[in-house]
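Numbering of the first sequence is given in the numbering used here, commencing with residue 4 and proceeding in unit increments. Here is the structure we will look at, set down as structure tokens.
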Amino acid sequence: MKSALENVKSQIIMAVSRAAEKAKTDGKLNYEFLPDFVLEAPREKEHGDFATNIAMLLARQAGMPPRKVAEILDSYIINEGAWVARKEIAGPGFINFYLDNGWVYEVLPQIEVQGDKYGNSETGLGKKVQVEFVSANPTGLLHMGNARGAALGDTMANLLRSAGFAVTREFYINDTGNQIDNFGKSLEVRYLQQYGQDIPFPEDGYHGQDIIDTIKGLIERDGDKYLTMEPGLRKKNFIEYALEEKLQAIKNTLQDFGVEYDVWFNERSLHETGALEAVLDELRGRGYIYEHEGALWFKTTEFGDEKDEVVVRSNGTPTYFAADIAYHKNKFDRGFEWVVNIWGADHHGHIKRLKGAVKALGYDPDNLNIVIMQLVRLFKGGEIIRMSKRSGEFVTLEDLISEVGRDAARYFFVMRSADSHLDFDMDLAKSKSTDNPVYYIQYAHARICSILRQLNEKGGAIPPAGECALTLLAEPAELELIRKLVDFPVEVSEAAVNLEPHRLARYAHELAGLFHVFYNSHRVITDDVELQNARLVLVKCTQTVVRRALHLLGLTAPDSM
RNA sequence: GCGCCUAUAGCUCAGUGGAUAGAGCAACGGACUUCUAAUCCGUGUGUCGGAGGUUCGAGUCCUCCUAGGCGCGCCA
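Given below as structure tokens:
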């Protein structure tokens with residue numbers, strides 16, 4: 004279904020295009036091709052409901068000043084059947100369109116019919132897109148960076164789905180390689196230490212208390228039977244046990260955070276199925292692999308990287324990069340037309356080489372988007388909380404959820420663009436005060452629910468929009484609120500396509516604000532039945548959109564607060 | 001040294017080449033016998049880090065400079 008906004012915009016765009024063509028055939032305006040002009044809502048309300056820049060874009064080709072072009076176009080624009088009340092040439096050559104209020108009311112019955120589907124669009128045309136995010140090492144707990152990635156990735160996936168993409172959420176489990184080896188050593192030492200053996204803990208091991216807890220759990224289950232086991236096999240047992248436990252903990256935490264994955268992908272499977280070897284063979288066949296000092300190198304410099312990259316070490320083991328290449332080939336081979344990865348800023352150096360690998364394998368690197376998110380600084384009591392993974396001292400996502408709650412945490416991670424460094428103020432996120440934008444939005448929803456509850460108690464009901472005199476909603480506060488509801492589908496699809504969930508956070512906040520303004524100046528339940536009915540429709544529609552926005556952000560929409 | 005990101009109001013940040021650059025917070029002053037005051041209304045704020053350039057038009061694009069963050073491993 005076309006939205007009210009698309010309807011009215013396409014009508015005006017058509018009228019403008021036709022005017023330009025007619026002016027050309029009449030010899031009044033000379034140009035070779037029609038430029039890609041825009042029709043958008045101007046920032047300033049005085050500049051009308053929509054404005055187009057077409058005259059400025061045509062000025063050069065036409066060989067006359069923009070305002071002159073605008074005048075000619077203006078005289079040719081016929082707005083039959085449209086809502087255009089008047090138009091005006093302004094500024095450097097904008098044509099401003101002032102519309103009758105009528106067109107915005109169309110959105111209310113649309114929202115009523117579509118309900119929670121309002122905001123969805125066909126923008127994505129069912130394109131298969133994969134969003135891979137968090138993909139934390141399964142050797143420990145989730146930290147703030149993982150948390151931000153979780154909130155961003157999950158919200159992006161929500162947005163993409165709503166915008167008509169076929170979305171798969173995926174978590175890549177790094178369950179092999181050096182770090183797992185190291186993990187195993189740490190577990191082994193902790194195990195032996197539990198039995199009184201005085202063994203120094205490896206310098207670069209996993210120092211966290213959680214490793215000790217894990218080992219205690221294993222001892223509870225299996226006791227001392229590993230003391231006599233062959234060390235290699237023993238370590239394997241430790242790793243199996245701990246990986247499963249850690250992964251389960253990660254899954255549980257993410258679930259508590261409102262994140263559900265479609266696929267949990269094991270790195271190990273790439274090794275076991277031979278996919279990794281196969282992809283290296285393919286790259287070798289294409290001439291991108293060479294040997295140097297006993298190791299195999301990939302010519303990433305051919306793709307703009309600063310230096311070539313090792314894919315197989317001289318000891319014969321493949322690097323993480325090699326597995327990542329195989330993984331991304333696997334992604335494209337599974338039929339994903341668009342692959343989105345969310346990485347921490349500390350991994351930005353890998354973008355060129357991974358994109359290069361994708362290109363070397365014959366895929367279009369433009370179909371791989373890597374969203375880099377800047378790091379999170381945690382503030383508490385006005386001070387930065389220093390975290391060190393080495394020492395095992397850091398605030399985990401679990402801690403965060405239990406301290407500030409899931410809703411606040413998710414909102415705070417998503418309200419800034421991924422590009423911006425995030426200062427996470429725990430006191431603010433926790434505060435149940437006016438400062439906290441999460442409550443501001445949720446409160447709008449709760450207020451609406453309260454109105455509807457009271458209506459219900461009085462035995463009233465919300466009439467169908469089609470039976471209401473919607474034009475009674477003529478107050479500025481009402482019109483602005485409705486106008487904002489009209490924007491929702493565009494906001495969703497723009498945020499989705501650009502992978503910018505912070506836009507939705509902002510939209511939700513603005514929408515809530517417009518509702519609060521309306522609420523404070525106008526009563527919904529009144530003696531004027533006609534007006535009450537129209538306002539009930541408006542309020543109900545606002546509730547739908549606020550709830551939708553909150554849900555897309557992964558937040559709850561409380562009925563009362 | 002090289003690469004990526006960032007620099008916008010006192011603070012935290014929006015701002016897809018368009019008109020007079022916005023919001024929240026903080027500050028001050030108002031509004032609850034009325035559907036929840038977790039709300040609303042009013043009052044101020046800018047050499048958009050600096051210098052050039054492209055353009056009818058630059059916070060936005062290009063170049064250089066400055067400052068901060070991150071990276072530059074046969075780690076992941």
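Note that CB positions come from ideal geometry on N, CA and C, so glycine has one too. Small disclaimer: the values here were computed from a predicted structure and weren't measured.
Please report the Cβ distance between residue i and residue j, rounded to the nearest whole angstrom; I am assuming they are in contact, meaning their Cβ atoms lie under 8 Å.
{"i": "residue 77", "j": "residue 92", "result": "6 Å"}
{"i": "residue 514", "j": "residue 111", "result": "Not a contact, Cβ separation roughly 15 Å."}
{"i": "residue 508", "j": "residue 374", "result": "Going by Cβ atoms, the distance from residue 508 to residue 374 rounds to 16 Å, so no, they are not a contact pair."}
{"i": "residue 448", "j": "residue 316", "result": "Contact flag wrong, Cβ pair sits at about 55 Å."}
{"i": "residue 504", "j": "residue 67", "result": "In fact, because the Cβ distance is near 44 Å, the residues do not count as touching under 8 Å."}
{"i": "residue 108", "j": "residue 491", "result": "Contact doesn't hold; Cβ gap of about 15 Å is too wide."}
{"i": "residue 545", "j": "residue 454", "result": "With 8 Å as the limit, residue 545 and residue 454 do not qualify as a contact, their Cβ atoms being about 10 Å apart."}
{"i": "residue 96", "j": "residue 62", "result": "7 Å"}
Just reading off the beta strand (DSSP E) that residue i is part of, what are its end residues?
{"i": "residue 171", "result": "169 to 176"}
{"i": "residue 93", "result": "87 to 93"}
{"i": "residue 188", "result": "Careful: residue 188 lies outside any beta strand (DSSP E), inside the alpha helix (DSSP H) at 181 to 197."}
{"i": "residue 351", "result": "Where residue 351 is concerned, there is no enclosing beta strand (DSSP E), given that its DSSP letter is neither H nor E."}
{"i": "residue 426", "result": "425 to 428"}
{"i": "residue 375", "result": "371 to 376"}
{"i": "residue 314", "result": "312 to 315"}
{"i": "residue 53", "result": "53 to 55"}
Under three-state DSSP, which class holds residue i?
{"i": "residue 419", "result": "coil"}
{"i": "residue 500", "result": "helix"}
{"i": "residue 202", "result": "coil"}
{"i": "residue 28", "result": "helix"}
{"i": "residue 42", "result": "strand"}
{"i": "residue 137", "result": "coil"}
{"i": "residue 98", "result": "strand"}
{"i": "residue 131", "result": "strand"}
{"i": "residue 215", "result": "helix"}
{"i": "residue 36", "result": "coil"}
{"i": "residue 529", "result": "coil"}
{"i": "residue 301", "result": "strand"}
Buried or exposed, going by whether 16 or more other CB atoms sit within 10 Å of the CB of residue i?
{"i": "residue 146", "result": "buried"}
{"i": "residue 547", "result": "buried"}
{"i": "residue 138", "result": "buried"}
{"i": "residue 586", "result": "What the structure shows of the chain is the stretch from 4 to 564, and residue 586 is not part of that stretch, so it cannot be assessed."}
{"i": "residue 568", "result": "Outside the shown range of the chain, which is 4 to 564, sits residue 568, and nothing can be said about it."}
{"i": "residue 336", "result": "exposed"}
{"i": "residue 487", "result": "buried"}
{"i": "residue 236", "result": "exposed"}
{"i": "residue 266", "result": "exposed"}
{"i": "residue 48", "result": "exposed"}
{"i": "residue 81", "result": "exposed"}
{"i": "residue 293", "result": "exposed"}
{"i": "residue 17", "result": "exposed"}
{"i": "residue 301", "result": "buried"}
{"i": "residue 430", "result": "exposed"}
{"i": "residue 36", "result": "exposed"}
{"i": "residue 532", "result": "exposed"}
Could you give the first and the last residue of the continuous alpha helix (DSSP H) run that contains residue i?
{"i": "residue 72", "result": "69 to 79"}
{"i": "residue 258", "result": "234 to 259"}
{"i": "residue 110", "result": "110 to 117"}
{"i": "residue 383", "result": "Per DSSP, residue 383 belongs to no alpha helix (DSSP H); it is in the beta strand (DSSP E), 379 to 383."}
{"i": "residue 329", "result": "323 to 336"}
{"i": "residue 294", "result": "Element bounds for residue 294: not the alpha helix (DSSP H) but the beta strand (DSSP E), 292 to 295."}
{"i": "residue 397", "result": "From DSSP, residue 397 is part of no alpha helix (DSSP H); its letter is neither H nor E."}
{"i": "residue 548", "result": "532 to 555"}
{"i": "residue 266", "result": "Segment 266 to 269 is the beta strand (DSSP E) holding residue 266; no alpha helix (DSSP H) there."}
{"i": "residue 456", "result": "440 to 460"}
Between the options, which lies nearest to residue i when the distance is taken from Cα to Cα?
{"i": "residue 233", "options": "203, 523, 191", "result": "191"}
{"i": "residue 355", "options": "378, 309, 344", "result": "309"}
{"i": "residue 350", "options": "280, 297, 364, 323", "result": "323"}
{"i": "residue 499", "options": "45, 372, 364", "result": "372"}
{"i": "residue 482", "options": "370, 105, 431", "result": "105"}
{"i": "residue 196", "options": "229, 207, 174", "result": "229"}
{"i": "residue 182", "options": "468, 255, 270, 223", "result": "270"}
{"i": "residue 477", "options": "518, 425, 538", "result": "538"}
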